[in-house]
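> Take any residue in the sequence shown, note its place counting from 1, add 50, and you have its number in our numbering.
Even for Gly, the Cβ is constructed at its ideal location relative to N, Cα and C.
Fair warning: this is a prediction, and the values are worked out from it, not measured in the lab.
Handing you this structure, nothing more for now.
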Amino acid sequence: MFKRSFFFIIVLLTVLPTIVGAHTHLETSDPEENSVLNEDTGTITLKFESTVQELNEITLTHENGEELQLEEVTHEPADTFVVTLPDSLKDGNYSLFYSIVGEDGHVMEQELAYQFESVEEEKTEEAIDDQEISEEATEETIEEELIETDPAKENEANDATDQENENNTLIVVFAIALVIVAILAILLLRKKKK
């Protein structure tokens, strides 16, 4: 019985990849899916695993449902499409949908998600982040100075750290015990079935 199952699994593992691998899939996209685009991103390049016969459809849709007119789509080399993005992109989430006919004649479709943020907004966000980091560092410095000058607070901080370490140790011990109990239960159930 075991030999038959093992043989069947080996056959499946060798045959299945050739069946599944018959279709053309997206190998890479540049920029990658879920990337943040900005004004400097002029194109999205879709490179496929093998030659692509033709493009059935390609659309760029804003999160509000508005479908944008693409400037240009080139198919050069035979496994790549280069999509030129419109200049009029607004901040928000976009989905790029494509439908292609692969070398084997099968239609392959996929939707890629992107986010667009204008460069000005990114600079503003970076300035806000830098300010928040600076404020946090100042607060931490003040807290450290207070702890250093007040021995009672230093002892409280040490006690809190010790308590946290003890809690973490208990959690780890409990998790290990739970895993051991689960393994023993599985082994006992297997013995009872035999």
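1) To the nearest angstrom, how far is the alpha carbon of His156 from that of Thr74?
2) Sort Glu99, Asn217, Ser138 by Cα distance to Thr111 and report the nearest one.
3) Identify whether Lys241 lies in helix, strand or coil by the three-state DSSP scheme.
4) Assign Gly71 to one of three DSSP states: helix, strand, or coil.
5) How many angstroms separate the CA atom of Gln165 from the CA atom of Pro81?
6) Could you give the distance in angstroms between the alpha-carbon of Val102 and the alpha-carbon of Thr124?
7) Look up Thr219 in the DSSP assignment and say whether it is helix, strand or coil.
8) In whole angstroms, what is the alpha-carbon distance linking Leu135 and Glu121?
9) Using three-state DSSP, classify Ala235 as helix, strand or coil.
10) Just list the residues that DSSP pairs Phe147 with in beta bridges.
11) If Gln132 and Thr95 are in contact, beta carbons under 8 Å, what's the gap, nearest whole angstrom?
12) Go ahead and label Ile233 buried or exposed: buried means 16 or more other beta carbons lie within 10 angstroms of its beta carbon, across all protein chains shown.
A quick look at the data gives this:
1) 8 Å
2) Ser138
3) helix
4) Note that Gly71 has pLDDT 48, beneath the 50 cutoff, so the model's placement of it is unreliable and no number is given.
5) 11 Å
6) 12 Å
7) helix
8) 6 Å
9) helix
10) Thr109, Glu161
11) A quick correction: the sequence has Val, not Gln, at residue 132. Rounded, the Cβ-Cβ distance is 5 Å, consistent with contact.
12) exposed
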